[in-house]
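Novice:
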Amino acid sequence: MTHHPVSQPLLPSEQVHRSSSTSNLESRLQSAIHTLKLGEFQARWDAAKRLSEYGIEAIPYLLDLLQLELQEDADWEVLWFVARILGKLEHPQAIEALVQILFHANNSEVAGMAATALAQQGAVAIEPLSQLLEQESVRLLAVQALTQIRHPDVVAPLSQTVDDPDPHIRATAIEALSHFYEPAISTILLTALSDVHPIVRKASITGLGMQAEQLHKSELVEHLKPYLRDFNLEVCCQTAMTLGRVATDTAIEALSEILHSSYTPFPLQTEVVRALSWIGTPYAIEQLQTCLHNLHNMDNEELAETSLALRHEIFSTLGRIEATPSKPKAAEVLLEQLKSVPSPTQDLRSKQMIALSLGQLGQLEAIDPLIQLLADPNVSIRLHTIAALKQLNADIARDRLQQFSEQPHLDGSLRQGVEVALREWE
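Count the sequence shown with the numbering used here and you get residues 22 to 447, in order.
This is how it looks when you write it as structure tokens:
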């Protein structure tokens, strides 16, 4: 027979000690609640921190304060702090209270904090938030809270809102669903491409980019191509970015068609350039090279400023090509452009950007052309060139500079530039 130890009654001194400890805790909690209700902001902040540290012991006191505030002319700052504290306390009563705050809050700051706090509760908050979707007044906040919970159980309630009359709710739901890889979600995203509101189309295009690896890419490109000519420029730009993520030859061809069109607005041209450089294959770089040739042959003075800005964008992005097999092609394009840049007084920036991009690419065949650039009369260009040589390969560049300096018939301006550069290695 098993014998269980019999609990001994507390001695009088132990009863007094436990009673005293409980009394002290209650006193501290009441003091913190009082400060939270009547204090200045910093005092409230400190009180909120203490209440969070007390854990679930603070919940009854917070609930009493909440009911009092909701009955009176509520101080929105108090409600904001209460919501913030409850978000850190994992307890069913905390969730119920946050739902109550979200439903009754007249202040957007309070409602937003309540939604965020509910999201912090994690998966246990999905069910009460799903119920709030039935209430039109708080549906957007409930959707926003659900989007912050990265759990598969949010897929079902969010899927119910993709046809909501409010485009912001549709877009928010689609954006969140894009993080989950299920065939049904891909169907939702493709359907949303034809939404009448641009923010929804943009969200679906962004989501399809995130899901690209799970989809048939050639079909995806065909779905996306029309939106490079959408009525909304932001949708066009997002489509270019998404095609950059798809990164197939058919995606490159779709992007190139837009890039080479004289009707394409500059912001979209810029995004297309970035998308092609992100793809970074030799084929993509060839399209950038063709664009540079077209810009060089452009005679329209009205487009000269835009043309120059686009060239600068291409020069900059070519320097960021990361794929090793593509770097020689990128350097080839930049070196070709270096020969055709107008006189320094007309286009200092182009030479500076080409030099820096060549330095980033690290191709040794760029060393001699960069050294030749040291003959330029502009100090800034020479400094950019020295920086590029050091970044490209400091040791080899120094040795090559030394060899140049020893040539007896070296041009005077180049000799001076080489000597200045060599001093930078000392």
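Just so you know, even glycine gets a beta-carbon here, dropped at the ideal spot from N, CA and C.
None of the values given here were measured: they were computed from a predicted structure.
1. Using a threshold of 9 Å, state whether the C-beta atoms of serine 347 and proline 303 are closer than that.
2. So, helix, strand or coil for alanine 232, using DSSP?
3. Quick check: what's the CA-CA separation for glutamine 437 versus arginine 444?
4. Could you give the distance in angstroms between the alpha-carbon of asparagine 128 and the alpha-carbon of lysine 58?
5. Check each candidate in Gln381, Leu394 and Thr269 and name the one with the smallest Cα separation from lysine 360.
6. From this set, Ala140, Glu427 and Ala387, which residue's C-alpha is nearest arginine 105's C-alpha?
7. Buried or exposed for proline 471, going by 16 or more other Cβ atoms inside 10 Å?
8. Please return the same chain residues whose Cβ sits closer than 6 Å to the Cβ of tyrosine 202, not counting the five positions on each side in sequence.
9. Please specify which runs of the beta strand (DSSP E), each continuous and at least 3 residues long, are wholly inside the stretch 202-274, giving them in chain order.
10. In the DSSP assignment, find the unbroken alpha helix (DSSP H) run with proline 398 in it and report its ends.
11. Check the C-beta distance from alanine 166 over to leucine 150 and give it rounded, since I have them as a contact under 8 Å.
12. When burial is assigned at 16 or more other CB atoms within 10 Å of the CB, is glycine 301 buried or exposed?
13. Put tryptophan 101 into one of helix, strand or coil per three-state DSSP.
14. Tell me where the alpha helix (DSSP H) around proline 349 begins and ends.
15. Enumerate in chain order the residues of its own chain whose CB-to-CB distance from valine 362 is below 6 Å, with the five nearest sequence positions on each side excluded.
16. Give every residue of the same chain whose Cβ lies closer than 6 Å to the Cβ of glutamate 334, excluding the five residues on either side of it in the sequence, and list them in chain order.
Specialist: Here's the rundown:
1. Taking a C-beta distance under 9 Å as the contact criterion, serine 347 and proline 303 qualify as a contact pair.
2. Reading the sequence as shown, one finds glutamine at residue 232 and not alanine. Annotated three-state conformation of glutamine 232 is coil, per DSSP.
3. The straight-line gap from Cα to Cα measures roughly 11 Å.
4. Going by the C-alpha atoms only, they are around 17 Å apart.
5. Nearest of Gln381, Leu394 and Thr269 to lysine 360, Cα basis: Leu394.
6. The shortest C-alpha separation from arginine 105 is found at Ala140.
7. Nothing can be reported for residue 471, as the shown portion of the chain is limited to 22 through 447.
8. The answer, listed in chain order, is Gln235.
9. Listed in chain order, nothing qualifies, since the stretch 202-274 has no complete beta strand (DSSP E) run of 3 or more residues.
10. From DSSP, proline 398 is part of no alpha helix (DSSP H); its letter is neither H nor E.
11. About 5 Å; that satisfies the 8 Å criterion.
12. Under this definition glycine 301 is a buried residue.
13. The three-state reading of DSSP puts tryptophan 101 in helix, counting H, G and I together.
14. Per DSSP, proline 349 belongs to the alpha helix (DSSP H) from 348-361.
15. Around valine 362: Asp368, Ser371 and Lys372.
16. If the five residues before and after glutamate 334 are omitted, its C-beta is found closer than 6 Å to the C-beta atoms of Thr291 and Val294, all from its own chain and listed in chain order.
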